[in-house]
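Q:
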Amino acid sequence: MSGYRLDKGGRIDRAVPLSFRFDGQDFRGFAGDTLASALVAGGQMLFGRSFKYRRPRGLLATGVEEPNALVTVDRGPGRVTPNLRAPSVALHDGLIAQSQNRYPSLKTDFGAINDRLGALFPAGFYNKTFMWPRSAWEKLYEPAIRKMAGLGESPKERDPDHYGATYAHCELLVIGAGPAGIAAAMDAAATGGRVILIDEQEEPGGGALADPAQWAWLAESLAKLAALGVTVFSRTTAIGHYHQNFVVAVERLTDHLAPSQAAGPREKLWRIRAGEVVLAQGAIERPLVFDGNDVPGVMLASAGRALALRFGVAVGRAVVVMASHDSGWRDALAMAEAGVTIAAIVDVRPAVSSDLQAAADALGIAVYLNHSVTGVKGRLEVKAITLCHNDDYLAHTLPCDALLMAGGWTPTVHLWSHARGTLKWDAAFGAYLPDTTVENLRAVGGCSGNWNYGDGIVVATLPSPKPVSKQKAFVDFQNDVKARDIALAVQEGFRSIEHIKRYTTNGMATDQGKTSNLNGLQIASETLSKPVTAIGLTTFRPPYTPQTFGALMGHHKDALFQPLRKTVIDDWAAANGAVFENVAQWRRARYFPQGRESMDAAVARECLATRERVGMFDASTLGKIEVVGPDAAEFLNRLYTNPWKALEPGRCRYGLLLNEQGFIIDDGVAGRMAADRFHVTTTTGGAARVLGMMEDYLQTEWPDLNVWLTSTTEQWAVIAVQGPKAREVIAPLVEGIDLSPEAFPHMAVREGAICDVPTRLFRVSFTGELGFEVNVPAEHGRMVWEAIHAAGQEHGIVAYGTETMHVLRAEKGFIIIGQDTDGTVTPDDAGMNWAIGKKKPDFVGKRSLARADLVREGRKQLVGLLTRDPAVVLEEGAQIVVDPAEPVPMTMIGHVTSSYHSAALGRSIALAVVAGGRARMGQTLHVPMPGGAIAAEVVSTVFYDAEGSRLDV
Amino acid sequence: MLLIHCPYCEEDRPEVEFVNGGQAHIARPADPSSESDADWEKYLYIRRNPRGRHHERWRHIHGCGRFFNAVRDTVSDRFETTYKAGEPAK
Ligand SMILES: [Zn+2]
Chain A
-19 MSGYRLDKGG RIDRAVPLSF RFDGQDFRGF AGDTLASALV AGGQMLFGRS
31 FKYRRPRGLL ATGVEEPNAL VTVDRGPGRV TPNLRAPSVA LHDGLIAQSQ
81 NRYPSLKTDF GAINDRLGAL FPAGFYNKTF MWPRSAWEKL YEPAIRKMAG
131 LGESPKERDP DHYGATYAHC ELLVIGAGPA GIAAAMDAAA TGGRVILIDE
181 QEEPGGGALA DPAQWAWLAE SLAKLAALGV TVFSRTTAIG HYHQNFVVAV
231 ERLTDHLAPS QAAGPREKLW RIRAGEVVLA QGAIERPLVF DGNDVPGVML
281 ASAGRALALR FGVAVGRAVV VMASHDSGWR DALAMAEAGV TIAAIVDVRP
331 AVSSDLQAAA DALGIAVYLN HSVTGVKGRL EVKAITLCHN DDYLAHTLPC
381 DALLMAGGWT PTVHLWSHAR GTLKWDAAFG AYLPDTTVEN LRAVGGCSGN
431 WNYGDGIVVA TLPSPKPVSK QKAFVDFQND VKARDIALAV QEGFRSIEHI
481 KRYTTNGMAT DQGKTSNLNG LQIASETLSK PVTAIGLTTF RPPYTPQTFG
531 ALMGHHKDAL FQPLRKTVID DWAAANGAVF ENVAQWRRAR YFPQGRESMD
581 AAVARECLAT RERVGMFDAS TLGKIEVVGP DAAEFLNRLY TNPWKALEPG
631 RCRYGLLLNE QGFIIDDGVA GRMAADRFHV TTTTGGAARV LGMMEDYLQT
681 EWPDLNVWLT STTEQWAVIA VQGPKAREVI APLVEGIDLS PEAFPHMAVR
731 EGAICDVPTR LFRVSFTGEL GFEVNVPAEH GRMVWEAIHA AGQEHGIVAY
781 GTETMHVLRA EKGFIIIGQD TDGTVTPDDA GMNWAIGKKK PDFVGKRSLA
831 RADLVREGRK QLVGLLTRDP AVVLEEGAQI VVDPAEPVPM TMIGHVTSSY
881 HSAALGRSIA LAVVAGGRAR MGQTLHVPMP GGAIAAEVVS TVFYDAEGSR
931 LDV
Chain B
196 MLLIHCPYCE EDRPEVEFVN GGQAHIARPA DPSSESDADW EKYLYIRRNP
246 RGRHHERWRH IHGCGRFFNA VRDTVSDRFE TTYKAGEPAK
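In order, the protein sequences belong to chains A and B. Residues in the first sequence are numbered consecutively from -19, following the working numbering. Residues in the second sequence are numbered consecutively from 196, following the working numbering.
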């Protein structure tokens, strides 16, 4: 209970008291407070438990660098956000927050046993211990660690909030609204152009907010910026800098308000393209590393200063400052003037400037030069510290209730690094500073090393009579990495900071090492006796601070996550009970159950009806490309394996498309509508890819060809009418086309009308039955579909879905690209050499078909499989072996690609790719499954109507 | 996000409107059948991976749809220039 509210001072509005709850306990604060400042004002020094050792932890900082004080804020159902940094949570009336990583309570935590057993948890502990045995890992370690580990708890309810996203463009973007950022914005605004100034805090001002002497200037400057038309955003964090000054920022719109006051999107993602970017992000104070530096009440001097001067809160009644930098003295003096009792200033340096010394003397503050803190008494709060003289280690105890660390400053170069600006080591600052960049980017103020905080020295660890290996001296507070862990990593042979980081996890927590990276580097440097620059620096990556998934997703969720394409017949399918499946981005009817029919029963019924009578199928998702021009036939001839030039207008051909490597990538029927016009179809999923490939060859390899390509996928609705009664069904609806077999043979296309709308009528079959594919302009698709359905009633027509389509084509051995092929299947592998124009000198992929590996013996070939037990349907993807008794690992010679129950055949059928498959006809192979191996005979891929007589009607 | 100058649209447009098409200026042999296995392998698979200046293809897929070529520095990601397909390498 050391913190308290000062009688006066701060930017808080004492006329607006707020009440809030923390861990079920009532607290009071004022407008302008953060959760952190109000809790410290209420005497709460214990904020959470550490990640690994469950050590009690308090507030370290008052900025986004805070590693310890992570809280969960509860704004109602679905609005529970874990891992918020208490100093970044604006206080509002009725705020409800909980501490994390404690069970059952903050003061008593069972996991704290880890701290007593700390010697068992050295660096690399996880790597070393959990290597073996595997069973113990699965049963013992992992469940225990999962229970203990993690920061906060993931929300389990759906987030009811929505999140906005927008773009902005400006000549100048300034990131950070401290004095340097404001000055940069002011300069630019005076010369005209759009200027945006963003800042992550509740109000602009940065460091000036903790310096009342600058408040008048601040107010004046902000008014001036407004008058100059500068756009200023508060509560907006620039989370990443990307190429060519593209900065992504997240604006928090409602979390600072009571839930009842919140309206509109919770957060907004800004994508800002700026002509020039000025980074004015300031610097982060560095903790000092000594035994007990993590006891609640030990914090950064800058935090003590901000609490006192910005929030009117004293961190303790007897505050000691431990400094290696002048800024600690200045903070101590400013706090003393604000009414905080400074019990002592300790400095590791033997001497400081006389004016600092004189100022401390004038305020009656005890000063210990050439001294270090070597121990902290107290567990849940600071009770006293041990001081040692650096030379003789003469120790004495100093009672106090707060200890502030001033270890110097680390410029915030995160966004500079995102922009891949280079950094140079500055020994005087003991920090990396921005050096060169290819972007139109500048760093100003503290983050450029241009500051006026005074002098200091860099110390890796404070001098102590106790060896580092015996100290609980923390470097990374959030990940519980001690100085001795880094020393141990070095002893164990790690040399690069990238390796030391991963072995110790230093800097790998959600704060990305904002307070720990440089101290870790210094310790490694000292242990290795090598300069810091020889150890390297880990790379900063976006986001600068953790963000909600909501902000990053914006509107891209639910139906807007990915467009769902629906055909014009989709509504009819839905109204008629279709069960849907998604194919590529399309929603397709999978089957049409009648009543409580199962999928198997529905598919069997649809299959039999199509084979015995007639079925209709919505094939509108087929990719369609109109290939037009005098060279259209030449173009297709060069692209597809098949010959096209001799194809007469009015005829169709099945086209097989390879990539240049010789593998099948797409297929489809193309109809020649005229000498210079083809109606090309592609697979449903391949439409965009095939069009892209066509454009590529046309534009870059064969610009001499006079050909135009147009995607017509969505312009045509396609209704497949298949089965022995197909002709009878459509005949009454068709005009201007002679449907007789003589006039309109298989693989022909005619133009005419159906239901009084124009049609391209294809006589094609993906079922092996007499079949037509009715293409009509999409706006007429639903009408024509219903007309065919009505006309088919007297013939017993059924609508069928993709599942029946799959079974019917598999019965005929027709492949599905991407199911029976996988990008490594050649035409010969698929048994489709018939589709290759033998006389063609060239087509895409032809040369590769002669490569040694593509003609070798033993390649996997597509075959049919019939299980010995006709009732057993193989699993698609199941592996195939010759000898089911072979010890594991067995020799796998292929796998099942398609497998169904065939109603027409009254048994199961399967397609598979098998090494040397066609030479194995009649052999029995085996498919090992958990229940035992399944025997199956290798057969032809065509299971039904091998002669094709059913087409010929 | 990169800004890319489409030489057909003559505008700087954001990267999301484009797709990268791999190394530029690899012409498909006029008569692939006469290529040796080694030369065909080179055509299919062998690509440069330079540190620095790199010629590559881009397509303004969500714009004019045209393929063009670019010189990009693979270290800085900066585009030195973009030019129409068919023009000689810059
Ligand atoms: Zn363009």
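We put the beta carbon where it would ideally sit given N, CA and C, even for glycine.
(1) Kindly indicate the opening and closing residues of the alpha helix (DSSP H) around Arg730 (chain A).
(2) Buried or exposed for Gly187 (chain A), please, with buried defined as at least 16 other CB atoms from any protein chain shown within 10 angstroms of its CB.
(3) Can you tell me the Cα-Cα spacing of Ala206 (chain A) and Asp465 (chain A), whole angstroms?
(4) Going by C-alpha distance, which of A:Pro623, A:Val594, A:Gly651 and A:Gln641 is nearest Val608 (chain A)?
(5) Under 7 Å between C-beta atoms, does Arg246 (chain B) make it to chain A?
(6) Going by C-alpha distance, which of A:Ile(-8), A:Arg(-9) and A:Ala11 is nearest Phe0 (chain A)?
(7) Chain A partners of Ala280 (chain B), CB-CB under 9 Å?
(8) Tell me the residue span of the beta strand (DSSP E) that contains Cys368 (chain A).
(9) Does any C-beta atom of chain A lie closer than 7 Å to the C-beta of Asp272 (chain B)?
(10) Mind listing, in chain order, the continuous beta strand (DSSP E) runs of no fewer than 3 residues lying wholly within the region -10 to 49 of chain A?
(11) Check the DSSP bridge columns for Asn264 (chain B) and list the partner residues they point to.
(12) Per the contact definition of three or more C-beta pairs closer than 8 Å, is the region 9 to 28 of chain A in contact with the region 264 to 277 of chain A?
(13) Taking 7 Å as the threshold (C-beta atoms), are Thr806 (chain A) and Leu834 (chain A) in contact?
(14) Please state the DSSP three-state secondary structure of Cys587 (chain A).
(15) Flag Trp253 (chain B) as yes if its beta-carbon sits less than 7 Å from any beta-carbon of chain A, otherwise no.
(16) Mind listing the chain B neighbours of Val418 (chain A)? Cutoff is C-beta to C-beta under 7 Å, in chain order.
(17) Do we get a CB-CB distance below 7 Å when we pair Tyr222 (chain A) with the residues of chain B?
(18) Roughly how many angstroms separate the alpha carbons of Glu46 (chain A) and Gly216 (chain B), rounded to a whole number?
(19) Does at least one heavy atom of ligand 2 sit under 6 Å from the Cβ of Tyr571 (chain A)?
(20) Could you give the residue range of the alpha helix (DSSP H) that holds Gly500 (chain A)?
(21) Can you tell me which residues form a DSSP beta bridge with Met166 (chain A)?
(22) Alpha carbon to alpha carbon, what distance is there between Leu360 (chain A) and Lys32 (chain A)?
(23) So if I measure from each beta-carbon to every heavy atom of ligand 1 and keep distances below 6 Å, which residues remain?
(24) Give me the Cα-Cα distance between Val212 (chain A) and Pro67 (chain A), rounded to the nearest whole angstrom.
(25) When the Cα atoms are used, what is the spatial distance from Ala312 (chain A) to Gly(-11) (chain A)?
(26) Measure the alpha-carbon distance for Asp736 (chain A) versus Ile873 (chain A) and round it to whole angstroms.
(27) Return no unless some Cβ of chain A is closer than 7 Å to the Cβ of Pro227 (chain B).
(28) Given this structure, state the Cα-to-Cα distance separating Asp371 (chain A) from Pro445 (chain A), to the nearest angstrom.
(29) Kindly indicate which three-state DSSP category Ala225 (chain B) falls into: helix, strand or coil?
(30) Using a Cβ-Cβ cutoff of 8 Å, what residues of the region 818 to 829 of chain A are near chain B? List them in chain order.
(31) Give the C-beta separation of Gln702 (chain A) and Glu749 (chain A) to the nearest angstrom, bearing in mind that I take them to be a contact with Cβ-Cβ under 8 Å.
(32) Are the CB atoms of Ser201 (chain A) and Ile162 (chain A) within a distance shorter than 7 Å?
(33) Are the region 156 to 172 of chain A and the region 416 to 425 of chain A in contact at 8 Å, needing three or more beta carbon pairs?
(34) Here's a check: name, in chain order, each residue in its chain whose Cβ is nearer than 8 Å to the Cβ of Asn556 (chain A), leaving out the five neighbours to either side.
(35) Where does Cys427 (chain A) sit, in a helix, a strand or coil, going by DSSP?
(36) To the nearest whole angstrom, what separates the beta carbons of Leu508 (chain A) and Arg475 (chain A), a pair I think is in contact under 8 Å?
A: According to the structure shown:
(1) The residue given as residue 730 (chain A) occupies position 750 in the first sequence. Taken as a continuous stretch (DSSP letters only), Arg730 (chain A) belongs to no alpha helix (DSSP H), being part of the beta strand (DSSP E) at Ala728 to Ile734.
(2) Within the first sequence, numbered from 1, the residue matching residue 187 (chain A) stands at position 207. Looking at its Cβ environment, which holds 16 or more other Cβ atoms inside 10 Å, Gly187 (chain A) is buried.
(3) Position 226 of the first sequence, counted from the first residue, corresponds to residue 206 (chain A). Position 485 of the first sequence, counted from the first residue, corresponds to residue 465 (chain A). Using only the alpha carbons, I get a separation of about 51 Å.
(4) Numbered from 1 along the first sequence, position 628 holds the residue referred to as residue 608 (chain A). That would be A:Gly651, whose Cα lies nearest to the Cα of Val608 (chain A).
(5) Working through the second sequence from its first residue, we reach residue 246 (chain B) at position 51. Cβ-Cβ to chain A under 7 Å: no for Arg246 (chain B).
(6) Taking the first residue of the first sequence as 1, we reach residue 0 (chain A) at position 20. Among A:Ile(-8), A:Arg(-9) and A:Ala11, the Cα nearest to that of Phe0 (chain A) belongs to A:Ala11.
(7) Position 85 of the second sequence holds residue 280 (chain B). Chain A residues near Ala280 (chain B): Gln679, Thr680 and Pro683.
(8) In the first sequence, counting from the first residue as 1, residue 368 (chain A) sits at position 388. It spans Ala364 to His369 - the beta strand (DSSP E) in which Cys368 (chain A) sits, taken as one unbroken run.
(9) Counted from its first residue, the second sequence places residue 272 (chain B) at position 77. Yes, because at least one Cβ of chain A sits closer than 7 Å to the Cβ of Asp272 (chain B).
(10) -7 to 2 and 5 to 11
(11) Position 69 of the second sequence, counted from the start, is the residue given in the question as residue 264 (chain B). For Asn264 (chain B), which the question treats as bridged, DSSP gives the partners B:Arg252 and B:Tyr278.
(12) yes
(13) Within the first sequence, residue 834 (chain A) is the residue found at index 854, counting from 1. Within the first sequence, residue 806 (chain A) is the residue found at index 826, counting from 1. It is a contact, given that the beta carbons lie within the stated cut-off.
(14) On the first sequence, position 607 is the one that residue 587 (chain A) refers to. Residue state, collapsed to three classes: helix.
(15) Mapped onto the second sequence, residue 253 (chain B) falls at position 58. Chain A contact via Cβ: absent.
(16) Residue 418 (chain A) sits at position 438 when you count from the first residue of the first sequence. Simply Ser271 and Arg273.
(17) Residue 222 (chain A) sits at position 242 when you count from the first residue of the first sequence. Yes, contact with chain B.
(18) Taking the first sequence and counting its residues from 1, the one referred to as residue 46 (chain A) is at position 66. Taking the second sequence and counting its residues from 1, the one referred to as residue 216 (chain B) is at position 21. So the alpha carbons of these two residues sit roughly 44 Å apart.
(19) This structure does not include ligand 2; its bound ligands are ligand 1.
(20) Mapped onto the first sequence, residue 500 (chain A) falls at position 520. Looking at the DSSP string, the run of the alpha helix (DSSP H) that includes Gly500 (chain A) is Asn497 to Leu508.
(21) The residue you call residue 166 (chain A) lines up with position 186 of the first sequence. According to DSSP, which records beta bridges pairwise, Met166 (chain A) is partnered with nothing at all.
(22) The residue you call residue 32 (chain A) lines up with position 52 of the first sequence. The residue you call residue 360 (chain A) lines up with position 380 of the first sequence. Taking the straight line joining both Cα atoms gives about 17 Å.
(23) B:Cys201, B:Tyr203, B:Cys204, B:His255, B:Gly258, B:Cys259 and B:Arg261
(24) Counting from 1 along the first sequence, the entry for residue 212 (chain A) is found at position 232. Counting from 1 along the first sequence, the entry for residue 67 (chain A) is found at position 87. So the alpha carbons of these two residues sit roughly 22 Å apart.
(25) Residue numbering aside, residue 312 (chain A) sits at position 332 when the first sequence is read from its first letter. Residue numbering aside, residue -11 (chain A) sits at position 9 when the first sequence is read from its first letter. One C-alpha to the other measures close to 16 Å.
(26) Sequence index remark: in the first sequence, residue 736 (chain A) carries index 756 (1-based). Sequence index remark: in the first sequence, residue 873 (chain A) carries index 893 (1-based). Using only the alpha carbons, I get a separation of about 55 Å.
(27) The residue labelled residue 227 (chain B) in the question sits at position 32 within the second sequence. Yes, Pro227 (chain B) lies at the interface with chain A (some Cβ there is under 7 Å from its Cβ).
(28) Here residue 371 (chain A) is taken as the residue at index 391 of the first sequence, counted from 1. Here residue 445 (chain A) is taken as the residue at index 465 of the first sequence, counted from 1. Straight-line Cα distance between these residues: approximately 10 Å.
(29) Position 30 of the second sequence, counted from the first residue, corresponds to residue 225 (chain B). It is coil, neither helix nor strand.
(30) Pro821, Asp822, Lys826, Arg827 and Ser828
(31) Walking along the first sequence from the start, residue 702 (chain A) turns up at place 722. Walking along the first sequence from the start, residue 749 (chain A) turns up at place 769. Right, the Cβ-Cβ distance comes to about 5 Å (below 8 Å), so this counts as a contact.
(32) Taking the first residue of the first sequence as position 1, residue 162 (chain A) is located at position 182. Taking the first residue of the first sequence as position 1, residue 201 (chain A) is located at position 221. Against a cut-off of 7 Å, the Cβ pair of Ser201 (chain A) and Ile162 (chain A) comes out as a contact.
(33) yes
(34) Locating residue 556 (chain A) in the first sequence gives position 576, where the first residue counts as 1. Correct list, in chain order: Phe572 and Ala779.
(35) Counting from one through the first sequence, the residue named residue 427 (chain A) turns up at place 447. Helix, per DSSP.
(36) Locating residue 508 (chain A) in the first sequence gives position 528, counting from the first residue. Locating residue 475 (chain A) in the first sequence gives position 495, counting from the first residue. Contact holds; Cβ gap of about 7 Å.
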